[in-house]
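Chains as they are written, first to last, in the numbering used here: chain V, 1 to 381; chain B, 382 to 696; chain G, 697 to 987. Using N, Cα and C, we set each Cβ at its ideal position, and we do this for glycine too.
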Amino acid sequence: MAGITYEHVSCRYPGSDTLSVEDLSLEIPDGEFMVLVGPSGSGKSTALRLLAGLEQLSEGRIDIDGRDVSGVDARDRDIAMVFQNYALYPNKTVGENIGFALKMQGVDRAERDKRVREVASMLAIEEFLGRKPRQLSGGQRQRVAMGRAIIRRPKAFLMDEPLSNLDAKLRVQTRVQIAELQQRLATTTVYVTHDQGEAMTLGSRVAVLKDGTLQQCAAPRELYENPVNAFVAGFIGLPQMNLIRLPLSDGRVRLSDEDLPLPAAVVRDATQRGAKEVIVGVRPEHVTVGESSSQGVAAEVVLVESLGADSYVHASLAGTDATFVARTEGYDSRQRGSNVRLRVDPQRIYGFDAATEERLGVSEHQVDHDASQPAPASVSR
Amino acid sequence: MSATAVAQRLKLPRARGRDAHARREAWTRRLPLLPALLFTIIVTQIPFLLTLFYSLFSWNLAKPGSPHWIGLQNYGAVFTDPVFFAALLHTIEITFISVLIATVFGLGLAVLLDRKFIGRGIVRTMLISPFLVMPAAAALLWKTTMLDPVYGIVNWVIGWFGISPVAFVSVHPLGSVIATVVWQWTPFEMLILLAGLQSQDRGVLEAARVDGASALASFREITLPHLRSYLELGVLLGAIYVVNTFDAIYMITQGGPGTATTNLPFYIYQRAFEGFDIGQAAALGVVTVVGTILVATVALRTMFSIFIQDNTARA
Amino acid sequence: MATVTGTISHRRPRQPLGAAVRARLGAIAWGSVAWLAAIIFFFPVFWMVLTSFKPESAAYTSPPKFVFSPTLSQYKQVFDAGMGPFLANSAISTVISVLLVLVLATPAAYALSMRPVEKWRDVLFFFISTKMLPVVAAIVPIYLAVRDVGMLDSIPTLIVLYTAMNLPIAVWMMRSFFLEVPGEILEAARMDGADLRHELSEVVLPVVAPGLAATALICAIFSWNEFFFAVTLTSIRAATMPVFLVGFISSEGLYWAKLAAAATLASVPVLIAGWIAQRQLVRGLSMGAIK
Chain V
1 MAGITYEHVS
11 CRYPGSDTLS
21 VEDLSLEIPD
31 GEFMVLVGPS
41 GSGKSTALRL
51 LAGLEQLSEG
61 RIDIDGRDVS
71 GVDARDRDIA
81 MVFQNYALYP
91 NKTVGENIGF
101 ALKMQGVDRA
111 ERDKRVREVA
121 SMLAIEEFLG
131 RKPRQLSGGQ
141 RQRVAMGRAI
151 IRRPKAFLMD
161 EPLSNLDAKL
171 RVQTRVQIAE
181 LQQRLATTTV
191 YVTHDQGEAM
201 TLGSRVAVLK
211 DGTLQQCAAP
221 RELYENPVNA
231 FVAGFIGLPQ
241 MNLIRLPLSD
251 GRVRLSDEDL
261 PLPAAVVRDA
271 TQRGAKEVIV
281 GVRPEHVTVG
291 ESSSQGVAAE
301 VVLVESLGAD
311 SYVHASLAGT
321 DATFVARTEG
331 YDSRQRGSNV
341 RLRVDPQRIY
351 GFDAATEERL
361 GVSEHQVDHD
371 ASQPAPASVS
381 R
Chain B
382 MSATAVAQRL
392 KLPRARGRDA
402 HARREAWTRR
412 LPLLPALLFT
422 IIVTQIPFLL
432 TLFYSLFSWN
442 LAKPGSPHWI
452 GLQNYGAVFT
462 DPVFFAALLH
472 TIEITFISVL
482 IATVFGLGLA
492 VLLDRKFIGR
502 GIVRTMLISP
512 FLVMPAAAAL
522 LWKTTMLDPV
532 YGIVNWVIGW
542 FGISPVAFVS
552 VHPLGSVIAT
562 VVWQWTPFEM
572 LILLAGLQSQ
582 DRGVLEAARV
592 DGASALASFR
602 EITLPHLRSY
612 LELGVLLGAI
622 YVVNTFDAIY
632 MITQGGPGTA
642 TTNLPFYIYQ
652 RAFEGFDIGQ
662 AAALGVVTVV
672 GTILVATVAL
682 RTMFSIFIQD
692 NTARA
Chain G
697 MATVTGTISH
707 RRPRQPLGAA
717 VRARLGAIAW
727 GSVAWLAAII
737 FFFPVFWMVL
747 TSFKPESAAY
757 TSPPKFVFSP
767 TLSQYKQVFD
777 AGMGPFLANS
787 AISTVISVLL
797 VLVLATPAAY
807 ALSMRPVEKW
817 RDVLFFFIST
827 KMLPVVAAIV
837 PIYLAVRDVG
847 MLDSIPTLIV
857 LYTAMNLPIA
867 VWMMRSFFLE
877 VPGEILEAAR
887 MDGADLRHEL
897 SEVVLPVVAP
907 GLAATALICA
917 IFSWNEFFFA
927 VTLTSIRAAT
937 MPVFLVGFIS
947 SEGLYWAKLA
957 AAATLASVPV
967 LIAGWIAQRQ
977 LVRGLSMGAI
987 K
């Protein structure tokens with residue numbers, strides 16, 4: 001039960017000057033479920049391993065429970081880790097696996113067995129206690145890995161993509177179990193994943209990383225509605241936000257043959273920066289598909305993905321090679337090649353600086369990208 | 382229409398055709414195997430059968446007269462021959478002690494090599510060299526430049542600690558042979574155990590670290606159990622090779638002084654090529670083979686279990 | 697939107713010096729122990745090579761000499777003493793027996809792995825069992841047979857025996873290399889229309905080529921170093937390097953530098969070969985039991 005702080009942490013790849021993690025500052029209060037998310041190579045696993053003590057930092061410091069652990073070895077940090085491929089001790093039984101840390105602490109046999117059985121029943125794996133890992137299925141091994149972490153009542157749980165080796169159905173089930181478990185135990189958790197859906201559903205706050213730097217750290221809703229740059233906007237949300245680079249003239253952008261109404265704040269910001277181009281973003285659920293006779297940007301349907309409750313229409317915008325995705329309700333029966341018109345909700349258009357990819361039109365509010373504080377309950381735009 | 386369909390239509394019996402095809406198929410599979418198999422059988426099995434045959438005769442190349450049948454009398458002579466028992470004892474001593482020491486040293490060296498440090502590649506190359514040097518050459522070098530009472534390196538080194546020179550080969554012949562064998566075979570054990578150490582899942586070791594295990598505890602609880610099958614392999618194979626030690630004994634002590642360092646292979650050699658006693662040498666050979674078969678059966682069963690385990694274990 | 701507060705200092709904290717330095721020192725200590733062990737084990741080899749360049753007067757000294765004026769005269773003497781033919785015999789018997797082994801073992805290994813014979817387990821067991829049995833036990837009939845056929849002291853005899861000696865190892869090694877060819881590649885090739893011949897030459901062979909080289913290397917090492925058959929079945933014409941070394945047994949300590957030169961020449965080919973192919977060495981020695 002402890003808070004965790006990253007303070008200007010950097011980590012260099014061994015034998016090179018490139019940084020795998022660059023100037024990361026993050027504050028995780030006691031009991032929070034923090035998710036580190038990003039594409040591969042974003043440094044999220046490294047950031048976790050730095051916290052675990054399995055990697056050495058080159059700069060900065062990490063505090064656990066108010067104490068600087070930079071010089072403390074992994075075995076003395078009192079944190080528990082669930083590895084991506086579980087890393088169960090192959091020559092020990094499930095019971096011995098779970099109880100190993102207690103054995104290292106010198107807990108006597110009787111007490112150990114008792115606690116092992118408690119944890120095993122919590123995770124419904126009592127019947128496997130005498131078996132070896134190689135006799136278990138993937139899902140069962142995953143639970144043993146969790147059990148090994150839970151039994152320790154550590155200061156924090158560290159989880160490195162614990163669900164990625166499970167099949168889709170099991171992944172969803174286990175995700176729910178993890179969330180419930182964390183709420184029950186109220187232990188600080190740092191969870192790494194590349195799946196933005198997992199991040200959004202599990203984290204009380206989510207930190208998005210790219211190329212070793214923190215892009216934005218905020219509650220899921222904040223990330224979704226107020227992304228701080230084009231990367232976060234495109235990374236969070238499935239299907240991806242439609243992003244298109246358009247020339248800016250006279251404070252206006254043209255999409256195909258139509259004028260696109262940008263929010264005033266965006267235009268002001270862009271003109272102030274002297275920008276010639278703007279990256280325009282709009283989420284699929286804010287794009288409406290109408291017949292060719294209606295208003296909007298002309299487009300030709302390229303692909304329709306019908307998922308049952310919703311459908312996603314991919315349409316190629318006339319006169320460009322850009323494709324927009326629009327969400328429609330129910331089962332869409334449009335054919336490939338049919339002509340449609342796309343309308344965009346003007347309240348929901350995002351603008352990003354074409355050069356820096358920063359979000360435009362938010363300069364009226366203060367933003368700190370080293371976002372270390374937990375987001376306040378209510379958010380204003 | 383396909384052939385089978387035609388056959389069905391005409392209600393022709395298909396069984397015979399299929400059998401012939403299957404048999405032909407089996408033979409095309411066997412064919413590539415035959416040359417090697419036949420070669421091995423001829424060159425290895427026939428001599429053993431002949432050894433068995435000769436062991437039932439009294440036959441000495443130095444004595445005039447042709448071999449005559451004496452049945453199992455040669456075996457009687459073997460089991461009442463004190464030199465045989467001495468050779469058996471020495472074989473066991475040399476094998477047991479050499480393999481034990483080589484394995485312990487090998488484990489230590491493997492642990493050293495498992496971590497990165499400057500010049501690790503060079504160190505590894507240096508450490509495998511004893512195994513690559515021609516065994517006969519190595520034996521001679523140890524006898525002369527290393528162990529010589531006056532001019533040998535070993536005596537020079539122990540002289541730094543104030544110990545007076547020892548004539549190793551004459552005073553400790555068995556020890557000298559064992560030293561040479563250990564020097565030669567430690568790299569072998571080291572390489573096997575190093576393969577074992579490096580085949581560990583690094584994630585498991587990290588998990589142990591995070592779980593609070595000290596380096597020693599991690600070695601004891603995680604690494605050693607993992608190494609068990611490699612240790613078994615190393616010891617078994619090492620023993621099988623070392624039991625047959627011939628070069629070192631021939632070069633360093635010629636089995637002496639007296640019979641102090643004679644082992645079974647060398648004794649058989651002596652009876653055959655110095656005593657010219659074909660019958661006796663053959664009987665000794667058979668006894669050695671039977672003994673080795675017994676040990677080898679156990680060995681192979683263990684080896685196969687390692688093999689099978691490796692193939693089915695990790696999913 | 698989140699706002700900034702000042703609880704986290706914006707000054708860069710000092711580098712964590714303690715842990716990094718301790719780790720560095722630990723690594724240096726570790727490396728030092730490893731180097732010490734390596735030097736101790738390697739010393740006899742080093743001493744062998746060093747001594748081979750000494751004049752005899754500098755080789756037979758107490759205390760041992762590390763500084764002297766090097767000479768090639770030992771090597772010259774060794775060649776003058778007629779080492780050439782021994783070296784040549786070793787080379788010929790090794791090269792030919794290795795080729796023979798590969799020719800026999802590769803198809804056999806194929807038959808035990810890719811399109812296996814029914815009783816492949818038994819066949820494999822048989823091959824290995826021949827390696828387990830002490831060669832010495834069978835030397836009597838072998839000697840007699842070879843003598844009766846008039847093939848004593850001839851290279852073909854050695855070639856045949858070395859081939860038989862190395863076949864089990866070669867079959868085991870090649871088999872494990874064949875097993876490493878991923879089944880999917882073969883299936884893909886079959887889908888692409890490759891017949892057996894092409895399957896072998898285009899797909900299998902490139903993948904097992906390094907394995908072939910490793911096997912050849914291991915067999916070459918064993919053939920080159922082989923002592924027992926060389927000593928018992930050859931004398932003058934077909935004698936190999938190990939036999940040449942026998943002549944130094946009764947040296948009485950007079951020709952250590954010359955011995956060192958002969959020993960070095962005898963060992964150098966295998967030393968270099970082994971250095972190059974360390975990993976393959978383990979596989980061959982443990983008969984492919986270690987992946």
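For residue i, go through chain B and note every residue whose CB falls closer than 9 angstroms to its CB, in chain order.
i: ASN85(V); result: ASP582, GLY584
i: MET81(V); result: GLU587, ALA588, VAL591, ASP592
i: LEU385(V); result: One cannot answer for residue 385(V) here, as it falls past the ends of chain V, which runs 1 to 381.
For residue i, collect the residues of the same chain with a Cβ closer than 7 angstroms to its Cβ; drop the 5 residues on either side in sequence, then sort them by chain order.
i: LEU262(V); result: VAL253, ILE349, GLY351
i: GLU570(B); result: ALA483, THR484, GLY487, GLY615, GLY619
i: LEU102(V); result: ARG112, ARG115, ILE151
Determine the chain V residues that contact residue i at a beta-carbon separation under 9 angstroms, and present them in chain order.
i: SER595(B); result: ARG75, MET104
Using 8 angstroms as the cut-off, classify the Cβ of residue i as near or not near the heavy atoms of the ligand SAH, replying yes or no.
i: PHE128(V); result: Looking at this structure, you won't find the ligand SAH or any other ligand, since it has none at all.
Using a Cβ-Cβ cut-off of 8 angstroms (strictly less than) and excluding sequence neighbours within five positions of residue i, which residues of its own chain qualify?
i: GLY540(B); result: PRO546
i: VAL9(V); result: VAL21, ASP23, LEU24, SER25, ALA47, LEU50, LEU57, GLU59, GLY60, ARG61, ILE62
i: VAL832(G); result: PHE924
By the criterion of Cβ-Cβ separation under 7 angstroms, what are the contact partners of residue i in chain G?
i: SER599(B); result: Within 7 angstroms Cβ-Cβ: nothing; SER599(B) doesn't reach chain G, min ~16 angstroms.
i: PHE466(B); result: The contacting residues do not exist; PHE466(B) stays about 17 angstroms from chain G at best.
Can you tell me whether DSSP reads residue i as helix, strand or coil?
i: TRP564(B); result: helix
i: VAL37(V); result: strand
i: LEU307(V); result: coil
i: ALA518(B); result: helix
i: TRP440(B); result: coil
i: ASN229(V); result: strand
Skipping 5 residues on each side, what residues in its chain have a beta carbon closer than 6 angstroms to that of residue i?
i: LEU645(B); result: ALA468, THR472, THR669
i: GLY99(V); result: ARG112, VAL116
i: ALA969(G); result: LEU913
i: SER294(V); result: ARG341
What's the C-alpha gap between residue i and residue j?
i: GLY666(B); j: VAL978(G); result: 30 angstroms
i: TYR771(G); j: ALA957(G); result: 6 angstroms
i: GLN974(G); j: SER510(B); result: 10 angstroms
i: ALA120(V); j: TYR191(V); result: 22 angstroms
i: ALA857(G); j: VAL535(B); result: It is worth fixing the name first, because residue 857(G) is Leu in this sequence and not Ala. Looking at the two C-alpha atoms, the distance is approximately 38 angstroms.
i: ASP250(V); j: ARG268(V); result: 11 angstroms
i: ASP353(V); j: ALA186(V); result: 40 angstroms
i: GLU258(V); j: ARG343(V); result: 10 angstroms
i: ASN441(B); j: ASP849(G); result: 22 angstroms
i: ALA145(V); j: SER137(V); result: 12 angstroms
i: LEU796(G); j: ILE674(B); result: 28 angstroms
For a contact meaning CB atoms closer than 7 angstroms, what does residue i contact in chain V?
i: ILE603(B); result: TYR89
Taking residue i as the query, report the chain B residues whose CB atoms sit under 8 angstroms from its CB, ordered along the chain.
i: PHE33(V); result: Simply none; closest approach about 19 angstroms.
So residue i contacts chain G; which residues on that side make the cut at Cβ distance below 8 angstroms?
i: ALA401(B); result: Within 8 angstroms Cβ-Cβ: nothing; ALA401(B) doesn't reach chain G, min ~17 angstroms.
In chain C, which residues lie less than 8 angstroms from residue i when you measure between Cβ atoms?
i: MET744(G); result: The structure shown has no chain C; the protein chains it does contain are V, B and G.
*Report yes or no: do three or more beta-carbon pairs, one from the segment 26-35 of chain V and one from the segment 200-214 of chain V, lie closer than 8 angstroms?*
yes
*Does the segment 821-838 of chain G come close enough to the segment 757-776 of chain G that 3 or more CB-CB pairs lie under 8 angstroms?*
Contact between the segment 757-776 of chain G and the segment 821-838 of chain G is absent, because fewer than three Cβ pairs lie under 8 angstroms.
*Can we say the segment 82-91 of chain V touches the segment 156-166 of chain V, given the rule of at least three CB pairs closer than 8 angstroms?*
yes
*Is the segment 87-97 of chain V close to the segment 602-609 of chain B, with three or more CB pairs under 8 angstroms?*
Yes, since at least three Cβ pairs between the segment 87-97 of chain V and the segment 602-609 of chain B fall closer than 8 angstroms, the two stretches touch.
*So, do the segment 210-218 of chain V and the segment 19-30 of chain V have three or more beta carbon pairs nearer to each other than 8 angstroms?*
Yes, the segment 210-218 of chain V touches the segment 19-30 of chain V.
_Meets three-Cβ-pair contact criterion under 8 angstroms: the segment 843-862 of chain G and the segment 916-928 of chain G_ = yes
*Say whether the segment 412-420 of chain B touches the segment 801-817 of chain G, bearing in mind that this needs 3 or more beta-carbon pairs closer than 8 angstroms, one atom from each stretch.*
yes
_Below 8 angstroms, how does it come out for the segment 515-525 of chain B and the segment 592-599 of chain B: are there three or more Cβ pairs, yes or no?_
no
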